[in-house]
Amino acid sequence: MKANPIVGQGTPLHLWQTSQQLAQLPVIDILELVPEGSRAVIIAPHPDDEVLGCGGFLQLLADAGRALQLISVTDGSASHPGSRRWPVERLSAVRPQESAEALRRLGLPLHSLKWLRGGFADSQVAAREAELSAFIERHLRPDDVVFTTWREDGHCDHEAVGRASADAANRVGATLHELPVWTWHWATPEDSFVPWERARKILLDPHLVARKRHAIHAFASQLEGDPQVGLPPVLAPYVLDRLLQPFEVVFL
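Residue numbers (the working numbering): 6 to 257.
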């Protein structure tokens, strides 16, 4: 993997759409991964990762009445470095609000969703990884099914959160599954670095993808760059296209 894989426009969508590797991935039912009586715990490095990584199957879990807990590790305030339009103070207030609106658009039961904010510094999670793991551990139960970003996803926070979540889940005895998010940008379908043997597809009907798209558009800050300081949007159209395919992938 490259030292900084999140550069340029990344792997074109058509390579994923025509990939035999992806076409042949085994399909799994999210309600089998999170059986009745278990709770799904989504651990997101930044406000938006919970929707980008699993906004489709979150709807399926909510519709089935599964208990949900969301942990937002950071407030995402480092997404626009040097921007006067999107300074840190504005982002730290706006990004959690965007997440709340996105979850509402997905149809999640906000009145019963347990949502915790970790307050860790965006882009510096690795420096407090042990502390984060202890924080996560305090909020897990042995019958939880945890979903978080892959430990090799290509963003320092995604990887640190993946490691901390895995450690915490292991200590508690909870089940952990990992989600590729930035992997779709830097990897290719033939990339042997990606653990395709652990990958499973959760199929999404068109209405689920449409609601996920609508939810992603709640993240106005991430859809805007800042041309004055040369910042492109974090969620450019070509990024969204790769995250809005008719399935989501989990690594078991």
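Using N, Cα and C, we set each Cβ at its ideal position, and we do this for glycine too.
In this text the structure is predicted, and so the values were computed from the model without any measurement.
Assigned secondary structure, residue i (DSSP; H/G/I helix, E/B strand, else coil)
{"i": "residue 61", "result": "helix"}
{"i": "residue 167", "result": "helix"}
{"i": "residue 6", "result": "The predicted model places residue 6 with a pLDDT of 45, which falls under 50 and marks its position as unreliable; any figure quoted below should be read in that light. Reduced to three states, the DSSP call for residue 6 is coil."}
{"i": "residue 190", "result": "helix"}
{"i": "residue 229", "result": "coil"}
{"i": "residue 182", "result": "strand"}
{"i": "residue 219", "result": "helix"}
Any non-hydrogen atom of the ligand GDP within 8 Å of residue i CB
{"i": "residue 98", "result": "Of ligands this structure carries none, so the ligand GDP is not represented either."}
6 Å CB neighbourhood of residue i in its chain, flanking five on each side removed
{"i": "residue 243", "result": "14"}
{"i": "residue 138", "result": "169, 172 and 173"}
{"i": "residue 99", "result": "226"}
{"i": "residue 203", "result": "256 and 257"}
{"i": "residue 104", "result": "52"}
{"i": "residue 61", "result": "209, 213, 217 and 253"}
Residues near residue i in its chain [Cβ-Cβ closer than 8 Å; skip 5 each side]
{"i": "residue 22", "result": "250"}
{"i": "residue 208", "result": "32, 251 and 252"}
{"i": "residue 148", "result": "42, 43, 44 and 179"}
Residues that DSSP places opposite residue i in a beta bridge
{"i": "residue 247", "result": "Residue 247 pairs with nothing; no bridge assigned."}
{"i": "residue 74", "result": "46 and 119"}
{"i": "residue 54", "result": "DSSP lists no partner for residue 54."}
{"i": "residue 236", "result": "231"}
{"i": "residue 198", "result": "BP columns for residue 198 are empty, so no partner."}
{"i": "residue 255", "result": "205"}
{"i": "residue 93", "result": "In the DSSP output, where bridge partners are listed per residue, residue 93 has none listed."}
{"i": "residue 32", "result": "206"}
{"i": "residue 23", "result": "DSSP lists no partner for residue 23."}
{"i": "residue 79", "result": "125"}
7 Å CB neighbourhood of residue i in its chain, flanking five on each side removed
{"i": "residue 54", "result": "154 and 186"}
{"i": "residue 236", "result": "85, 88 and 230"}
Chain C contact for residue i (CB, 9 Å cutoff)
{"i": "residue 179", "result": "Looking for chain C here will not work: only one protein chain is present."}
**Prompt:** Are there three or more Cβ pairs, one per stretch, closer than 8 Å when the segment 69–80 is compared with the segment 44–51?
**Reply:** yes
**Prompt:** Below 8 Å, can you find three or more Cβ-Cβ pairs linking the segment 62–74 to the segment 175–186?
**Reply:** no
**Prompt:** What are the uninterrupted segments assigned as beta strand (DSSP E) that are 3 or more residues long and contained completely in the segment 110–176, given in chain order?
**Reply:** 119–125 and 149–154
**Request:** Check whether the segment 83–100 touches the segment 63–71, taking contact to mean three or more Cβ pairs, one atom from each stretch, closer than 8 Å.
**Result:** no
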